[in-house]
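Protein chains in written order, with my numbering: chain A, 1 to 707; chain B, 708 to 1027.
First up is the structure itself, then whatever we jot down about it.
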């Protein structure tokens, strides 16, 4: 009803306002164009504007001043959750923290297998066995090391905001790892340090008992709690770490950012209060670069740190501050050795731009706007032909880098399960062996990974001590006939369970419930179907699966493990009974337990590399080969593309950024970018012409009718 | 007027409180906080770290008031949302309000030109097809509009990035730079894609409105008085079709702040749309909750603003 009334009024009102509108229009825009000639001028102006804007068109995403500088351009898909070196544990985070923070030890850039060398420390740690099975590691810090300039420091005598790095800064960071409030994911590893766990408990107790204590700054709380017994500072530059049990792998952790010196001032200052950022987003370190710009949604910039010891003291020729002087034949051939002895870093800045989608990222790489890229699935066949680059890519001067990741992907059996586990004795062992023989890793890699990867024969990937390239696991070469025989020997002829008279039915738990993830699992279940085994897929969320693991309610699963450091211990501990998931909540999800394996593991773990260690590793691998708690699937192989102007690319496998070793030829980059990105303008003119041809006759007709 | 606005606002408050309750059911009862923690901390995080995270993010409290009257998640959820205390992101612990402030600028830099240019393109186009109604131009126009509406925005994005960014090399394929010198270069492609993907629906809608208006008596009167067809379309039909146009525009304005999900995500624009997509992808439930809540607030605000604006543009409309 109301609507009708409104419409009625509409007509009455409109008659009154129409005249006014007409009068206004006479002095309006249309009246300014009084005839075809005016219109032609107007059109000419618009056309010229379009032509001008087209000539200014460019697909260059960077400001002109970036053109000739030694800047490396890279991309990231999502910002890391945190840059706090106590909690950052992802490759994304390490690509920042790995160069913003520096560590006592570093990995040699060119040597393979990876080898430790001194970083901030003068030398490798001095190891002293102590009574009661304890071991002391003595690190001596270089003198005159400075943190990067930052607002968290008081102004010093030179009018700068920085200070010297001392051993107490590393001790402070180690105590942060113990702090339950920080929740470091590696606290368990550092529990090998004498008094580490007690310190964590004392902190918690003090905080609960005394609210005033909890309000103190972190470094004051740590001091008040008495510090960690096994962390001592005999002098300003000496740090003693005492382990209460043998753990020689601790040295690798001193090449990771978890043990970097952290200034207490930064923790006290960057609290997220009073407009200051949080320490998670504002790293203050002593590495070769500083995070000079950080917009998590858009881009970040790493700039050369003028305070880094390699920049301030090139005369030291410190091992980690110069380009290595030792390399292999491939390093010589690729021209890397020409840089031997040069001071690092070789570039001025690294600009990392957010690029969430892989296709635009790859296209911008092809346009020369990124210096490196992975190979996306959509373009794999046009980029890679055979084992190398396609002729087109080679013609553009691009190079392909391949590196096998220090990881292993595997199918695991729950050894506590009644059917596939140890309680079923020889029968279940034969089932596991048969199932292992049915899975063809090469075929899997060909179908799902474009052939990228190395079929795994044992838990140890290439590049890890103990890996033997000639080693062939008897049960990892696909052989369906032999597998069927084993099933018969196990009492399951043609896969028939004698107790039920039907196919043996097992369950595969997976949290990869996407179509792609389920297709991969179906690849395995189809392989086992050839043996007559019916394996049901049970899709769960990751958390539900974790709960199942805790309760031991699972039979078969798939997991992967990426190395923290290049030592066989970091892989074989996944099968140590003391790491059993059900009994100890550890990462041994198969609950594999073998007395001889455990004995060898404990011995191997504490031993330095050498023939005895190799013999122990070989025996451990032979136990795994026979017992088959795992079906080792593959080690991933990363393919990376690099522009021809990028020098010194040598992947290190672990998540260690190597920006300081990279070099750029900016002139070559600038020339190639220009040549590759000349705008194609003729379609615009064609569109303009088509527009004119459509609009002009119409408007001319309008004017003609008006006259 | 005042009573009417108050009544509408009252309805709006009811809607918002209801949305908050649904949000609570979705984000607290269906999803286990442990899942959120594991996503945030990574697969290698030990159970102690998960527990600490849950405590730090206050997910370790009981859900309902009858479990604990003082410390329960339901009351806490209402209190925080209604006082705009959005807390920190589940994904990276950064304050959500800061991220909203930072993302609003990039979002508006895309959505405002898109709205304005969209009006400048679709209104003249719809006037044109309405002007040539029931001719081949009209039929062709409607066909093209339906075609434009039928194609997925994703296809426009990928197609434009390929054709204009890669083959013709007119504009960057993606990226964002807030500096005045670089901004137009980065916005050109997403705005063009936004215009093309939206113009079909807009032209169809406005054409219908204009056709309805052009059959009214006042148009006949104008024609009888000798006014030209073009003048009738521009000065009579367009003016009188302002109410539906305004409804559409005023309703759209609040959502400009929310950004454009697909355009921002694919063109790398660090706005609120992109932030929402990130939150969905990273199981950042606290950010998702906040964005849905803000969306519902803006919707209610848009409804009330639309009603009020009727009265402002059309004196015949009285809001009572």
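We treat Cβ as the ideally placed atom computed from N, Cα and C, and that holds for glycine.
Since the structure is predicted, the reported quantities are computational estimates derived from the model, not experimental observations.
Asked                                                                                                                                                                               : Found
Measure how close the beta-carbons of residue 817(B) and residue 975(B) come, nearest whole angstrom, since I'm counting them as under 8 Å.                                         : Rounded, the Cβ-Cβ distance is 11 Å, inconsistent with contact.
Tell me, to the nearest whole angstrom, how far the beta carbon of residue 882(B) is from that of residue 893(B); I am working on the premise that it is less than 8 Å.             : 5 Å
Under the assumption that residue 796(B) contacts residue 803(B) (Cβ atoms under 8 Å), give the Cβ distance between them as a whole number of angstroms.                            : 6 Å
Tell me the DSSP secondary structure of residue 841(B) in three-state form.                                                                                                         : coil
So if I threshold CB-CB distances at 7 Å, which residues from the region 465–491 of chain A count as touching chain B?                                                              : none
Where does the unbroken alpha helix (DSSP H) through residue 625(A) begin, and where does it stop?                                                                                  : 611–627
Just the Cα atoms here: how many angstroms apart are residue 939(B) and residue 930(B)?                                                                                             : 7 Å
Using only CA atoms, which one of 285(A), 273(A) and 245(A) lies nearest to residue 263(A)?                                                                                         : 285(A)
Would you please state the rounded distance, in angstroms, between the beta carbons of residue 244(A) and residue 456(A)? I believe it to be under 8 Å.                             : Wrong, their Cβ atoms sit about 35 Å apart, outside the cutoff.
For residue 176(A), does the count of other Cβ atoms within 10 angstroms reach 16, so buried, or fall short, so exposed?                                                            : buried
What are the boundary residues of the beta strand (DSSP E) that residue 206(A) is part of?                                                                                          : Counting along the chain, residue 206(A) falls outside any beta strand (DSSP E), though it belongs to the alpha helix (DSSP H) covering 196–209.
Using a beta-carbon distance below 8 Å, is residue 692(A) in contact with chain B?                                                                                                  : no
Within the 8 Å Cβ cut-off, does residue 940(B) reach chain A?                                                                                                                       : no
Does any C-beta atom of chain B lie closer than 8 Å to the C-beta of residue 669(A)?                                                                                                : no
Distance cutoff 8 Å, beta carbons only. Does residue 412(A) sit that close to anything in chain B?                                                                                  : no
State the DSSP-derived secondary structure class of residue 720(B), mapped to helix, strand or coil.                                                                                : helix
Under 8 Å between C-beta atoms, does residue 989(B) make it to chain A?                                                                                                             : yes
Just to confirm before moving on: does the CB-CB distance between residue 834(B) and residue 917(B) stay below 8 Å?                                                                 : yes
Is it right to say residue 493(A) is buried, meaning 16 or more other beta carbons lie within 10 angstroms of its own, or is it exposed?                                            : exposed
Ignoring anything shorter than 3 residues or poking outside the region 297–355 of chain A, list the beta strand (DSSP E) runs there in chain order.                                 : 299–304 and 349–354
Pick from 367(A), 411(A), 415(A) and 408(A): whose alpha carbon is nearest that of residue 396(A)?                                                                                  : 367(A)
Drop a sphere of 10 angstroms on the beta-carbon of residue 629(A), count the other beta-carbons inside from all chains shown, and report buried for 16 or more, exposed for fewer. : buried
Excluding the 5 residues flanking residue 136(A) on each side, which residues of the same chain have their C-beta closer than 6 Å to its C-beta?                                    : 128, 130, 240 and 242
According to the Cβ coordinates, are residue 912(B) and residue 738(B) closer than 8 Å?                                                                                             : no
Once you ignore the five residues that flank residue 655(A) on each side, which residues in its own chain have a CB closer than 6 Å to its CB?                                      : 91 and 94
Thinking C-beta only, is residue 964(B) closer than 8 Å to residue 357(A)?                                                                                                          : no
Assuming residue 745(B) and residue 542(A) form a contact by the criterion Cβ under 8 Å, report the distance between their Cβ atoms to the nearest whole angstrom.                  : 6 Å
Note down the Cα distance separating residue 232(A) from residue 261(A), rounded to an integer number of angstroms.                                                                 : 15 Å
Could you work out which residue in 170(A), 112(A) and 301(A) is closest to residue 406(A) when comparing CA atoms only?                                                            : 112(A)
For residue 831(B), would you say it is in contact with chain A, using Cβ-to-Cβ distances shorter than 8 Å as the test?                                                             : no
So is residue 423(A) buried or exposed if we call it buried at 16+ other beta carbons inside 10 Å?                                                                                  : exposed
According to the Cβ coordinates, are residue 597(A) and residue 620(A) closer than 8 Å?                                                                                             : yes
With C-beta atoms as the reference, is residue 509(A) less than 8 Å away from residue 557(A)?                                                                                       : yes
Return the CA-CA distance between residue 29(A) and residue 876(B), expressed in angstroms with no decimal places.                                                                  : Confidence in residue 29(A) is poor, its pLDDT being 37 and thus under 50, which makes the residue's placement too unreliable to answer from.
So, is residue 791(B) buried or exposed, given that buried needs 16 or more other C-beta atoms within 10 angstroms?                                                                 : exposed
Verify the CB distance criterion: does residue 957(B) have a CB-CB separation below 8 Å to chain A?                                                                                 : no
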